[in-house]
Amino acid sequence: MFGRLFKRFQPRTVQDPVFGELTNDKHGNWSGTIAFTPLGKKIDIIIRLTPETPPSHEHRDFYGQIVDRWPDIHERLRGTLFEDLDDWEDGTTMDKLFESLNFDAFSFWDLDARPRNWEISATTPLDDHIFGIMMKDFDHDGFRMDG
Numbered sequence: 094m095f096g097r098l099f100k101r102f103q104p105r106t107v108q109d110p111v112f113g114e115l116t117n118d119k120h121g122n123w124s125g126t127i128a129f130t131p132l133g134k135k136i137d138i139i140i141r142l143t144p145e146t147p148p149s150h151e152h153r154d155f156y157g158q159i160v161d162r163w164p165d166i167h168e169r170l171r172g173t174l175f176e177d178l179d180d181w182e183d184g185t186t187m188d189k190l191f192e193s194l195n196f197d198a199f200s201f202w203d204l205d206a207r208p209r210n211w212e213i214s215a216t217t218p219l220d221d222h223i224f225g226i227m228m229k230d231f232d233h234d235g236f237r238m239d240g
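Quick note on this note's numbering: the sequence shown kicks off at 94 and runs consecutively.
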């Protein structure tokens, strides 16, 4: 009896054909790690849905579009992400800051909306903040800094 009760409160895990193993945190966030081929490294993936609903073909398709369009997304971010910021007093330019970014995670917040809302998380050795690059489809919609 208690075994079933405890099992009910354990996170649900699914094996997705594209995203691999995803775990649900009971709040509707499915998370895992995926090989992001354009960067040649693994990144974290977070997909906000409901606890009962794992990612769908639409999520897999959108991720595939990001993979295919990454060179263009990256170049557009290079030209616009920090355009409103000044170089730092220590001589760090915004170009140098952009070049130092490590893209660590993608979070899909609302793919039902048009344009689709998602976020790229990045870190840099030049600053101990996490940059949350807000995206609408394939264009950036601002950024925030945590940490």
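Virtual Cβ for every residue (Gly too), placed ideally from N, Cα, C.
**Prompt:** Asp197 to Lys229, Cα distance in whole Å?
**Reply:** Approximately 18 Å between the Cα atoms of the pair.
**Request:** Tell me whether Trp181 is buried or exposed, calling it buried when 16 or more other Cβ atoms sit within 10 Å of its Cβ.
**Result:** exposed
**Request:** Go through the segment 129 to 174 residue by residue and report every complete run of the beta strand (DSSP E) that reaches 3 residues or more, in order.
**Result:** 134 to 141
**Request:** Would you tell me roughly how many angstroms separate the C-alpha atoms of Gly191 and Arg105, rounded to the nearest one?
**Result:** Here residue 191 turns out to be Phe, not Gly, going by the sequence shown. So the two alpha carbons sit approximately 37 Å from each other.
**Message:** Can you give me the C-alpha to C-alpha distance between Asp165 and Lys134, rounded to a whole angstrom?
**Reply:** 18 Å
**Message:** Cutting at 6 Å between CB atoms, please list the residues of its own chain near Met227, excluding the five before and the five after it.
**Reply:** Glu212, Asp234 and Gly235
**Item:** Whether Ile127 touches Phe112 by CB criterion (9 Å)
**Value:** Result yes, Cβ atoms of Ile127 and Phe112 sit closer than 9 Å.
**Message:** For Ile140 and Trp123, which I take to be in contact (beta-carbon distance under 8 Å), what is that distance rounded to the nearest angstrom?
**Reply:** 5 Å
**Asked** Any idea if Ala206 is buried or exposed, counting beta-carbon neighbours within 10 angstroms, 16 or more meaning buried?
**Response** Note on Ala206: under 16 other CB atoms within 10 angstroms of its CB, so exposed under the neighbour-count rule.
**Message:** For Leu120 and Glu145, I'd like the C-alpha separation in whole angstroms.
**Reply:** Looking at the sequence shown, residue 120 is not Leu but His. When rounded, the distance between both Cα atoms is 10 Å.
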